[in-house]
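Trainee:
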Amino acid sequence: MIIVIDGPAGSGKSSTAKSIANRLSLHYLDSGALYRAVTCLWINAGKPEKEQFFNMLTEVHLQVEYINDLFHVKANGEDLTNQIRSQEISSHVSEIASLPEVRGYVNALMKKIIANGIYIADGRDLGTAVFPDAFLKFYMDASLEERAMRRFRELENSGQNVSFKDVKQNLNDRDLKDKSRVSDPLKKAPDAILIDTTGKTFEEQISEITQIIKENIKL
Ligand code: CDP
549 MIIVIDGPAG SGKSSTAKSI ANRLSLHYLD SGALYRAVTC LWINAGKPEK EQFFNMLTEV
609 HLQVEYINDL FHVKANGEDL TNQIRSQEIS SHVSEIASLP EVRGYVNALM KKIIANGIYI
669 ADGRDLGTAV FPDAFLKFYM DASLEERAMR RFRELENSGQ NVSFKDVKQN LNDRDLKDKS
729 RVSDPLKKAP DAILIDTTGK TFEEQISEIT QIIKENIKL
């Protein structure tokens, strides 16, 4: 069974999904981390032609594990967890994620992962394209200014040297690419519950979603 949270970059999906997973003892799946890992593989391979990269991808065994608030991704045994959050990956990920072959690869992997257990997952197209029958669907959003400020603080706290202007530009560019791509664009599923987090505290957004989940599922 799966509960999904979709929404644009920096809307708070992954921190929310992790916190709810911890509180309700659910498994957590970070679909963006899988697209980031695939992008990392493409960059580490020297940005090969796409056809060549798709062939490479068929030989890659991606493994995921959620431990102590960190979603780990390994490719053929190599841990990519720390590499996948860099600005370089952020600036290429939407381009790589727009390729139907990459989406097919990641979607098949996600379906396999969630086959056993109750999962909460965050992404862009989970409620619309990947898990249209998800038990509960949320769509989180917030103003661009607020999302950029949150992401800027996150990156600063993790020791990355970035400017607010660049972070805001990257979120805006990714949103545009994610919403306008042909293959499974970012959009709210008609049956998703909209959670606008502009001006809300983290605790407020978590309690709102947790309450809806508890009303709907006997865990
Ligand atoms: O955490 P953040 O909002 O920065 O992004 P992410 O969840 O790590 O996802 C990174 C990128 O992967 C997004 O900007 C999308 O281009 C892509 N993605 C996607 O296409 N479909 C998903 N289900 C999840 C992510």
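Per the working numbering, the sequence shown starts with residue 549, numbered consecutively.
We treat Cβ as the ideally placed atom computed from N, Cα and C, and that holds for glycine.
So is arginine 672 buried or exposed if we call it buried at 16+ other beta carbons inside 10 Å?
Mentor: The residue in question, arginine 672, is buried, as its Cβ has 16 or more Cβ neighbours within 10 Å.
Trainee: What do you get for lysine 762, buried or exposed, if any count of 16 or more other CB atoms within 10 angstroms of its CB means buried?
Mentor: Exposed: under 16 other Cβ atoms inside 10 Å.
Trainee: Does the distance between the C-beta of arginine 698 and the nearest non-hydrogen atom of the ligand CDP fall short of 8 Å?
Mentor: Not under cutoff, so the answer is no.
Trainee: Based on Cα-Cα distance, which residue from Arg584, His620, Leu605 and Asp744 lies nearest to tyrosine 687?
Mentor: The shortest Cα separation from tyrosine 687 among Arg584, His620, Leu605 and Asp744 belongs to Asp744.
Trainee: My assumption, with CB atoms under 8 Å, is that arginine 698 sits in contact with glycine 560. Please give the rounded CB distance.
Mentor: So it is a contact: roughly 7 Å between Cβ atoms.
Trainee: Return yes when the C-beta of valine 710 is under 8 Å from any heavy atom of the ligand CDP, and no when it is not.
Mentor: No - the ligand CDP has no heavy atom lying nearer than 8 Å to the Cβ of valine 710.
Trainee: Please report the straight-line C-alpha distance between threonine 629 and lysine 622, rounded to a whole angstrom.
Mentor: Using only the alpha carbons, I get a separation of about 7 Å.
Trainee: In whole angstroms, what is the alpha-carbon distance linking lysine 736 and asparagine 592?
Mentor: Computed Cα separation, rounded: 33 Å.
Trainee: On the CB-based measure, 16 or more other CB atoms within 10 Å of its CB, does lysine 766 come out buried or exposed?
Mentor: Exposed, because fewer than 16 other Cβ atoms sit within 10 Å of the Cβ of lysine 766.
Trainee: Just verifying my parser: in three-state terms, what is the DSSP assignment at leucine 734?
Mentor: Three-state DSSP puts leucine 734 in coil, outside helix and strand.
Trainee: Does DSSP put glutamate 694 in a helix, in a strand, or in coil?
Mentor: DSSP places glutamate 694 in helix when its eight states are reduced to three.
Trainee: Can you pull the DSSP bridge partners for glutamine 611?
Mentor: Paired residue(s): Lys622.
Trainee: With H, G and I counted as helix, E and B as strand and the rest as coil, what does DSSP make of alanine 557?
Mentor: Reduced to three states, the DSSP call for alanine 557 is coil.
Trainee: Within 8 Å: the Cβ of proline 596 and any heavy atom of the ligand CDP?
Mentor: No; taking the cut-off as 8 Å, the Cβ of proline 596 has no heavy atom of the ligand CDP nearer than that.
Trainee: What ranges does the alpha helix (DSSP H) occupy inside the region 698–765, keeping only unbroken runs of at least 4 residues that lie completely in it?
Mentor: List check, alpha helix (DSSP H) in window: 712–728 and 750–764.
Trainee: What does DSSP give as the partner residues of glycine 671 in its beta bridges?
Mentor: The partner list for glycine 671 (beta bridge, DSSP) reads Asp554.
Trainee: Which partner residues of leucine 657 appear in the DSSP bridge assignment?
Mentor: DSSP lists no partner for leucine 657.
Trainee: Are three or more beta carbon pairs between the region 570–590 and the region 655–673 nearer than 8 Å?
Mentor: The answer is yes - the region 655–673 touches the region 570–590, with three or more Cβ pairs under 8 Å.
Trainee: Of the residues Glu751, Leu692, Ile550 and Met658, which one's Cα is nearest the Cα of glycine 558?
Mentor: Considering only alpha carbons, the answer is Leu692.
Trainee: Within 8 Å, do at least three Cβ pairs link the region 629–648 to the region 716–735?
Mentor: With the cut-off at 8 Å, the region 716–735 and the region 629–648 touch.
Trainee: I want to check one thing, is the minimum distance from the CB of glycine 561 to the heavy atoms of the ligand CDP below 8 Å?
Mentor: It is worth fixing the name first, because residue 561 is lysine in this sequence and not glycine. Checking the Cβ of lysine 561 against the ligand CDP gives yes.
Trainee: Quick check: does the Cβ of alanine 593 come within less than 8 Å of any heavy atom belonging to the ligand CDP?
Mentor: Every heavy atom of the ligand CDP is 8 Å or more from the Cβ of alanine 593, so no.
Trainee: Relative to the C-alpha of lysine 716, which candidate in Gln600, Arg695 and Tyr576 has its C-alpha closest?
Mentor: Comparing Cα positions, the closest option is Arg695.
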